[in-house]
Amino acid sequence: MQAVILAAGEGQRLGPLTEGRPKPMVPVGNQPILESVLEAAVEAGADEIVLVVGHARERIQSHFGDGDEWGVPIRYVVQNHQLGAAHALAQTESVVDGPFLVLHGDQLVDADLLADLLERWERTERATIAAVQSDRPTEYGAVAVDGESVVAVSKDPTDDPPFLVNAGAYVFDSSVFDVVRDIDPAEGQDYGMATTLQRLADDGSLSAVLHRGTWQDLTYPWDLLTTNAALLRRRDDDVDGAAVHDSAAVADDVALDEGVTVGPNATLLPGTALGRNVRVGANATLSNCIVMAGARIGDGAVLNDCIVGESVSVGPNATAEGGPARVVVGETVHDDVGLGAVLADRTTLRGGVTVAPGTVVGREVLADCGTVLRGRIDSGDTIRRG
């Protein structure tokens, strides 16, 4: 069976981490989200992967290539204009055949869920979606069911939480393309998946599988930290490729990629993942952090609940206190979220910089010694003292 993975979106709510990087390529647990999704599809029995790519697609294509490393052929389909998930799916019509899995490249699922979907399809031969419990229906679309059948998909449910929501994993056959073709934006209809699902439900041709296992949607930066910590708790990572000083303290639930260097008396606390060639200086402390490839953490630096981008330099004795924090994303205010800071790619914090909880720092920012950072700082800005 083929698996279509939708990976064309930018993920603006994860900005600035997604400037120049597709959202599915943001790392969690020291590997891109999309890689975890692809591995689940292969484990569930997919024998060909169709990746729908768009924003910064070169990052995806160069990482996955022809699929040899994963033992499955990969075909790429380009969505030139990101108009919605159903529109992305429609781009694959000429390359898929028979029933096929459809997954979102930024939503972590496990192979057991996909096996349940396939079993339901084989028994009913009806389009099938996965549903999970969540208190965020406006993000995913609440699903109303009657027995095994979906009767409605809505982003404004009238029931009390928790809700059953669309988990972003499906089995369709080629008839789904007829449904997508009937969508008319001129009549106010959109290419989000909810429109397609509702039309299938109206025809009585949509089934739902309730899932209670692994499912993580990565909408906001703090979702990355929560999911990263959960993945590390379930894994037994090999740190043989890292150079850890004898006096350093490394907790369980920490992941160290190849080429990592950890200096004397440094402390790595649970939920911390260090990407390839990261260097952590003497007496530095990191807790619940994602640190991407090539970053440098200076002597005595203290980072809590932080996402540190590629090739970031954090100077000696810089501090990020950690959450809870108030964070504004777009026009929405989020209170009491577990985010210390986002430091996007190639940003430099010099010695003694203090980062207030919930600060989001863009790419290639330069912060002078002793400055205090708070709020949102645009990419390319320079922050001076005084």
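So for the sequence shown, full-length UniProt numbering puts the first residue at 1; every next one is plus one.
Quick reminder that beta carbons are idealized off the backbone N, C-alpha and C, glycines included.
- In the structure shown, Arg350 falls within a coil segment according to DSSP collapsed to helix, strand and coil.
- By the Cβ rule, the region 199-211 counts as touching the region 144-153, because three or more pairs are nearer than 8 Å.
- Around the beta carbon of Thr18, 16 or more other beta carbons sit within 10 angstroms, so the residue counts as buried.
- With a 10 Å radius around the Cβ and a threshold of 16 neighbouring Cβ atoms, Glu310 comes out buried.
- Membership of Gln198 in the alpha helix (DSSP H) is indicated by the continuous run 193-202.
- Remark: C-beta atoms of Asp257 and Gly241 approach each other more closely than 9 Å.
- The C-beta of Gly315 has 16 or more other C-beta atoms within 10 Å across all chains shown, which makes the residue buried.
- For Val260, no alpha helix (DSSP H) run applies, since DSSP gives it neither H nor E.
- The secondary-structure analysis by DSSP pairs Glu48 across a beta bridge with Gln2.
- Residue environment for Gln79: buried (at least 16 other C-beta atoms within 10 angstroms of its C-beta).
- Per DSSP, the continuous alpha helix (DSSP H) segment holding Ala229 begins and ends at 221-234.
- Beta-bridge partners of Phe177 (DSSP): none assigned.
- Taking Ala144 as reference, the option from Met25, Leu268, Phe163, Ser36 with the minimal CA-CA separation is Phe163.
- With a contact defined as Cβ atoms closer than 8 Å, Leu366 and Thr348 qualify at about 5 Å.
- The region 36-48 and the region 92-110 touch, with three or more beta-carbon pairs separated by less than 8 Å.
- Around the beta carbon of Ala243, a 10 Å sphere encloses fewer than 16 other beta carbons of the protein chains shown; the residue is thus reported as exposed.
- Burial is judged here by how many other beta carbons sit within 10 angstroms of a residue's own beta carbon; Ser174 has fewer than 16 and is exposed.
- Contact annotation: Gln198 and Val153 have beta-carbon atoms nearer than 9 Å.
- Given a length threshold of 3 residues, each whole run of the beta strand (DSSP E) inside the region 311-384 is given here in chain order: 325-329, 332-337, 341-343, 359-361.
- If you look at Ala266, you'll find it isn't in any beta strand (DSSP E); DSSP assigns it neither H nor E.
- Taking the CA atoms as reference points, Ala230 sits about 43 Å from Ala186.
- The DSSP-derived three-state label of Gln82 is coil.
- Exclusion of the five residues before and after Gly11 leaves Thr18, Lys23 as the residues of its chain whose Cβ lies within less than 6 Å of its Cβ.
- Closest option to Ser247, judged by alpha-carbon separation, among Asp253, Arg212, Asn228, Ala284: Ala284.
- Residue state for Ile183 is assigned as coil, using DSSP reduced to three classes.
- Non-local C-beta neighbours of Val308 in its own chain, meaning closer than 8 Å and more than five positions away in sequence, comprise Cys289, Ile290, Val291, Met292, Ala295, Ile297, Val314, Leu343, ordered along the chain.
- In its chain, beyond the 5 residues on either side, no residue has a beta carbon closer than 6 Å to the beta carbon of Gly375.
- Cα atoms of Glu331 and Glu125: separation of roughly 42 Å, rounded to the nearest angstrom.
- Within its own chain, the residues whose Cβ lies closer than 6 Å to the Cβ of Thr272, once the five positions on either side in sequence are excluded, are Val254, Leu286, Cys289, listed in chain order.
- Closest in alpha carbon position to Leu200, among Ala127, Met1, Ser94, Val329, is Ala127.
- In terms of Cα proximity to Glu48, the closest of Gly54, Arg13, Ile74 is Ile74.
- For Leu164, the three-state secondary structure derived from DSSP is strand.
- Annotation: the continuous beta strand (DSSP E) that includes Ser287 extends over 285-287.
- With a 10 Å radius around the Cβ and a threshold of 16 neighbouring Cβ atoms, Asp336 comes out exposed.
- The C-beta of Pro270 has fewer than 16 other C-beta atoms within 10 Å across all chains shown, which makes the residue exposed.
- Residue burial annotation: Ser62 is exposed, with fewer than 16 other C-beta atoms found within 10 angstroms of its C-beta.
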